[in-house]
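Down below is the structure, laid out as structure tokens.
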Amino acid sequence: MIRSVAHIAFNVKDIKKSLHFYCDILGLQMAFEMKDKNGNPWIYNVKVAEGQYLELIVGGVHEYSYKPGNVGFSHLSLEVEDINEIADNLRENGITIDVEPKLGRDMNYQCWAKDPDGNRIEFMQFSPSSPQVKGHW
379 MIRSVAHIAF
389 NVKDIKKSLH
399 FYCDILGLQM
409 AFEMKDKNGN
419 PWIYNVKVAE
429 GQYLELIVGG
439 VHEYSYKPGN
449 VGFSHLSLEV
459 EDINEIADNL
469 RENGITIDVE
479 PKLGRDMNYQ
489 CWAKDPDGNR
499 IEFMQFSPSS
509 PQVKGHW
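According to this note's numbering, the stretch in the sequence shown is residues 379 to 515, in order.
Put into structure tokens, the structure is as follows:
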């Protein structure tokens with residue numbers, strides 16, 4: 379059956395901006411690139427954790443626009459060691475923090491920002507009392 383999340387895929391408008399954001403700013407590692415049948419750049423796989431990747435797919439043309447309550451993708455959540463460190467790093471790199479670090483209802487620390495294509499990202503620092511750590515609410 380299901381073992382884990384293998385990847386999340388985003389169509390991206392500008393692969394250089396996306397790779398800069400995910401690799402240079404967030405510190406993730408570019409793992410491998412796949413080319414299309416004509417040898418053109420197609421998919422860039424950025425490693426998040428062992429066996430878990432973000433697939434950045436070249437050629438996105440329509441702007442993404444999140445609307446609360448819409449069916450479908452809402453956000454990507456990335457676990458971090460230190461919520462204030464990631465928030466400071468984002469600010470230092472010119473990334474707007476949409477929600478400043480705070481304690482969420484689930485007892486985890488969180489802050490929010492967007493990637494270059496407008497995808498919402500929640501950065502989350504787990505606390506020992508959180509349901510994600512305990513495995514229940």
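Note that CB positions come from ideal geometry on N, CA and C, so glycine has one too.
1) Starting from the C-beta of GLU500, find all residues in its chain whose C-beta is less than 6 Å away, skip the five residues before and the five after it, and write them out in chain order.
2) Could you give the DSSP three-state label for LYS395: helix, strand or coil?
3) Taking the alpha carbon of ASN486 as the reference point, which residue from CYS401, ILE403, MET408, ASN462 has its own alpha carbon closest?
4) Between the Cα of ILE473 and those of GLY450, ASP493, PRO479, spot the shortest distance and give me the residue it belongs to.
5) Give the single residue among GLN503, VAL426, ALA384 whose Cα lies nearest to the Cα of CYS401.
6) Going by C-alpha distance, which of LEU406, PHE504, VAL439 is nearest TYR431?
7) Quick one: which unbroken beta strand (DSSP E) runs of 3-plus residues sit fully inside the region 425-511? Chain order, please.
8) Helix, strand or coil: which one does DSSP assign to ILE421?
9) If we call anything under 8 Å between Cβ atoms a contact, is LYS391 one with ASP495?
The short version:
1) Leaving aside the five residues that flank GLU500 on each side, the residues in its chain whose CB is nearer than 6 Å to its CB run, in chain order, HIS453, SER455, GLN488, TRP490.
2) Three-state result, LYS395: helix.
3) Comparing alpha-carbon positions, the option among CYS401, ILE403, MET408, ASN462 lying closest to ASN486 turns out to be ASN462.
4) The option with the nearest alpha carbon to ILE473 is ASP493.
5) CYS401 has its Cα closest to that of VAL426, out of GLN503, VAL426, ALA384.
6) Of the candidates LEU406, PHE504, VAL439, the one whose C-alpha sits nearest the C-alpha of TYR431 is LEU406.
7) If we require 3 residues or more, the beta strand (DSSP E) runs fully inside the region 425-511 come out as 430-436, 454-457, 475-481, 487-492, 498-503.
8) Assigned with DSSP and collapsed to three states, ILE421 falls in strand.
9) Contact flag set, yes.
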